[in-house]
Amino acid sequence: MALQIKELTTIDDMVAQISTIRFLYPNISLEKYKSFLSEMLPHNYIQIAVFEDDICLGLTGCWSATKLWTGKYLEIDNFVVNPEYRSKGIGKMLTDYIDKKATELNCSSIVLDAFTGNFGAHRFYYNQGYAPRGFHFVKILDEKKLTV
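Sequential numbering from 1 applies to the sequence shown in the UniProt record's numbering.
What follows is the structure, encoded as structure tokens:
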């Protein structure tokens with residue numbers, strides 16, 4: 001398997017991989033995806049994708065920002081690997097790339113959210129050196145607007 005990592009920085013590049021995003025959000029429409037991306041890209045959002053030839057096997061979004069408690073940080077968002085390619089090192093390739101990216105950006109830390117019931121993701125992130133440092137509280141205002 002000859003794998004290549006690419007940074008996706010345009011809406012067109014990201015939309016071309018909607019089938020991979022749909023492993024995470026099966027019902028997301030093309031219109032909604034484009035709309036969300038158009039709001040996210042001005043806030044430093046990019047995607048990192050692993051390809052075999054022209055087939056996207058996994059990807060993650062990320063963006064950098066600054067908070068008082070951590071200074072500059074990189075946040076992982078929408079981490080997904082095609083189910084047929086899980087446990088083959090694709091996720092590790094993505095987190096290794098994210099580690100390098102965060103270092104290049106002079107970040108103090110990398111953060112992410114994982115749903116409380118997603119135990120496979122928890123195990124994966126623990127194995128990559130991540131640990132919970134708090135709770136991410138959510139107050140849903142309109143259930144119909146959620147993608148999940």
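Note that beta-carbon positions come from the ideal geometry of N, C-alpha and C, so glycine has one too.
Being a predicted model, the structure only gives us computed values, none of them experimental.
Euclidean distance between Cα positions of residue i and residue j
{"i": "Asp99", "j": "Asp53", "result": "24 Å"}
{"i": "Ile140", "j": "Thr116", "result": "16 Å"}
{"i": "Thr66", "j": "Ser87", "result": "33 Å"}
{"i": "His136", "j": "Ala114", "result": "9 Å"}
{"i": "Ile55", "j": "Ile90", "result": "13 Å"}
{"i": "Ser38", "j": "Leu8", "result": "14 Å"}
{"i": "Ser29", "j": "Pro132", "result": "32 Å"}
Beta-carbon gap between residue i and residue j smaller than 8 Å
{"i": "Lys32", "j": "Ile11", "result": "no"}
{"i": "Lys6", "j": "Ala49", "result": "yes"}
{"i": "Ser108", "j": "Gly134", "result": "no"}
{"i": "Gln128", "j": "Thr95", "result": "yes"}
{"i": "Val148", "j": "Tyr25", "result": "yes"}
{"i": "His43", "j": "Trp63", "result": "yes"}
{"i": "Ala121", "j": "Ile110", "result": "no"}
{"i": "Asn78", "j": "Ile21", "result": "yes"}
{"i": "Gly58", "j": "Tyr85", "result": "yes"}
{"i": "Phe51", "j": "Leu3", "result": "yes"}
{"i": "residue 154", "j": "Phe23", "result": "Because the chain in this structure spans residues 1 to 148, residue 154 falls outside the shown range and cannot be described."}
In DSSP terms, what residue i is bridged to
{"i": "Cys62", "result": "Ile46, Ile76"}
{"i": "Cys56", "result": "Phe51"}
{"i": "residue 150", "result": "No answer is possible for residue 150: it lies beyond the span of the chain, which begins at 1 and ends at 148."}
{"i": "Gly71", "result": "Lys67"}
Residue i classed as buried or exposed, judged by whether at least 16 other C-beta atoms fall within 10 angstroms
{"i": "Phe119", "result": "exposed"}
{"i": "Val81", "result": "buried"}
{"i": "Leu112", "result": "buried"}
{"i": "Glu143", "result": "exposed"}
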